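Inspection log for the structure reproduced underneath, given as structure tokens.
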Amino acid sequence: MARGRGRWLLPTRLLNVCLAALCRGGSLAAAESVLVDAIRLGLPPDVVTYNTLLAAHCRAAGLEAGLAVMGRMREAGVEPDAVTYNSLIAGAARRGLPIHALDLFDEMLRAGIAPDSWSYNPLMHCLFRSGHPEDAYRVFADMAEKGIAPCDTTYNTLLDGMFRAGYAMNAYRMFRYLQRAGLPVSIVTYNTMINGLCSSGKVGYARMVLRELGRTDHAPNIITYTAVMKCCFKYGRFEQGLDTFLSLLDRGYISDVYPYCTVISALVKKGRLGEANNYCDLMLQNGSRLDSVCYNTLIHMRCQEGKLDDAFELVSMMEDGGLESDEYTFAILVNGLCKMGHIEAAEKQLFYMEIKGMQSNVVAYNCLVDALCKFQEVDAAIRLLQCMKLKDDFTYTSLVHGLCRVGRYHMASKFLRICLREGNNVLASAKRAVIAGLRSSGFKNDLRKVRSVKPKRNKIKHHGKLQTSPLVGERYRLSMCTKPPLTGVCLALDFVGKIDWV
DNA sequence: TTAGGGTTAG
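When you line the first sequence up against mature numbering (1 follows the signal peptide of the UniProt record, and there is no 0), it's residues -25 to -1, 1 to 477, in that order.
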């Protein structure tokens, strides 16, 4: 090209600004045609041009689309940089693909590109969310060993991950440490804490953190209020939760679907279906794009109304709109079908779920186990339980109650002992039913065995997902931390390091 | 470019 570099410097920057604006506005096709025009005019796109497009494609269409842009940039002689890989790792993380994210991270290291905290943050986030906290911790340790300073997002991701992995008090102690050490604590940190503490049942601590937030300069936002509402609904302060929602609505603070879904699902749970429908209409009038969580909420509402045809129509609408049914959708449908007595149709849904290879199907299975027990088909429930890869407290509570209901106390006590030995538990009412049944039918031996069984320490389960083998380790270059070099990190690592990883 | 809030079962 005859044109000198200096002459094109400004136009390339302008091209990038223009592309970024188009991508932000969701006009990807327009951005692509601007790029075609620019190349035709002899204007050279640079790494920023491609990174802008790559991030937008990744967000809109997923990782594959992002990788295609990386292919195009290489063909054009533009080499990817840290930003390219960070966007791809984030793309993989958003889609819940930890192996892909780790592969990209590894590829980045092999290419000699130095990762920064934006390479690590989505990787950690994705590993925590996909039920691999021990790997997320290794990633954090690796970051510390390489001397990369964590940013506020790193700490927030770590806190959120610790809550998800079941280590609420470690997260709480780390939050206090961040405050003492003068490390970044923002409204995001407060929201993570309030939400995590509420979800793990530490309502008193949550209230304390909320009061503290009121004394700081950080302004609570819609995320804070949604977390508070959810906590009210969960812990018996229904009207207070609803009042919070209504006052936010009055003041015009509700601009997205999150608070709507929270309140609709709470109303459905209470059986207040009329009000749930009203807020559903408001949410639709609001004009926000419905995502899969919104659809799941609406499908659940239709199922609870007994309108299964409408529920399935919503599933079709959702899929036609390019959204996929997830494990929630299936669990909701299986539950809805069971409640209406359509056991065979529910079994069919479970079968689809298996074919789709969905990781977490324990809730859907539990719904069917419970329904079979309620219809006094306990032998079928036992057969189903034997097919389940993962069983939890819900599974055994339904079965034990079901067996007691039909007077099979010996069998109920057998499953209760298996359950306790596996590190699971049942509701106190199920345990009481077994003991009362054994006593009244004179099964003294079983009674003694049930009383003497020592429950195994409960394993941490990550959102009902099966624990899989570590993803980081032999296969990847990430190494365990030996001597963390940064002061702030040392102590943060200490909080995670004390966790007894299962 | 990157993080935080909303959906299911006993």
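Ideal Cβ positions, reconstructed from N, Cα and C, are used throughout, including at glycine.
Here the structure is a predicted model, which means the values were calculated and not measured.
- At a Cβ-Cβ threshold of 8 Å, alanine 68 and alanine 76 count as neighbours.
- Three or more Cβ pairs closer than 8 Å define a contact, and the stretch 366 to 373 meets that threshold against the stretch 397 to 404.
- Per the coordinates, the alpha-carbon of leucine 242 lies some 13 Å from the alpha-carbon of arginine 212.
- Cβ contact annotation for threonine -14 (same chain, cutoff 6 Å, sequence separation greater than five): Asp21, in chain order.
- 8 Å or more divides the Cβ of glycine 417 from the Cβ of alanine 387.
- Following the DSSP letters along the chain, one finds glycine 412 inside the alpha helix (DSSP H) bounded by residues 403 to 416.
- The C-beta separation of valine 9 from cysteine 33 comes to about 19 Å, leaving the pair out of contact by the 8 Å criterion.
- The beta carbon of histidine 193 sits closer than 8 Å to those of Ser161, Ile162, Tyr165, all from its chain and outside the five residues before and after it, given in chain order.
- Straight-line measurement puts the Cα of alanine 6 at about 12 Å from the Cα of isoleucine 14.
- In the structure shown, serine 105 falls within a coil segment according to DSSP collapsed to helix, strand and coil.
- DSSP places isoleucine 169 in the helix class (H, G or I) of the three-state scheme.
- Arginine 113 counts as buried, since no fewer than 16 other beta carbons sit within 10 angstroms of its beta carbon.
- Around the C-beta of asparagine 61, 16 or more other C-beta atoms lie within 10 Å, and the residue is accordingly described as buried.
- Judged by pairs of C-beta atoms under 8 Å, the stretch 279 to 286 touches the stretch 304 to 321, as three or more such pairs exist.
- Within the stretch 16 to 73, complete alpha helix (DSSP H) segments of at least 4 residues are found at 22 to 36, 38 to 50, 57 to 69, given in chain order.
- Taking 8 Å as the upper bound for CB-CB distance, valine 44 and leucine 28 are in contact here, some 5 Å apart.
- Around the C-beta of lysine 177, 16 or more other C-beta atoms lie within 10 Å, and the residue is accordingly described as buried.
- In this structure, isoleucine 64 sits away from aspartate 91, with a CB-CB distance that is not shorter than 8 Å.
- Look at proline 90 here: in three-state DSSP terms it is coil, with no helix or strand label.
- Per the C-alpha coordinates, the member of Tyr142, Asn26, Asn145, Ala35 positioned closest to glycine -1 is Ala35.
- If the five residues before and after isoleucine 239 are omitted, its C-beta is found closer than 7 Å to the C-beta atoms of Ala251, Tyr254, Cys255, Thr272, Met276, all from its own chain and listed in chain order.
- Residues Ala356, Leu359, Leu360, Thr370, Ser373, Leu374 of the same chain have their beta carbon placed closer than 7 Å to that of valine 344, with the five preceding and five following residues left out of the count.
- Per DSSP, the unbroken alpha helix (DSSP H) holding cysteine 348 starts and ends at 337 to 349.
- About 11 Å separates the beta carbons of glycine 71 and glycine 37, which is beyond the 8 Å limit, so they are not a contact pair.
- Look at lysine 389 here: in three-state DSSP terms it is helix.
- A buried status is given to leucine 188, since no fewer than 16 other beta-carbon atoms sit within 10 Å of its beta-carbon.
- Counting along the chain, the unbroken alpha helix (DSSP H) around methionine 149 starts and ends at 143 to 155.
- The three-state reading of DSSP puts alanine 13 in helix, counting H, G and I together.
- Judged by their CB atoms, methionine 333 and glutamate 288 are not nearer to each other than the 8 Å cut-off.
- Take alanine 143, set aside five residues on each side of it, and the residues of its chain with a beta-carbon closer than 6 Å to its own are Ser175, Lys177, in chain order.
- Assignment of valine 290 by DSSP, reduced to helix, strand and coil, places it in the helix class.
- Contact annotation, leucine 3 with alanine 31: C-beta distance approximately 6 Å; criterion of less than 8 Å satisfied.
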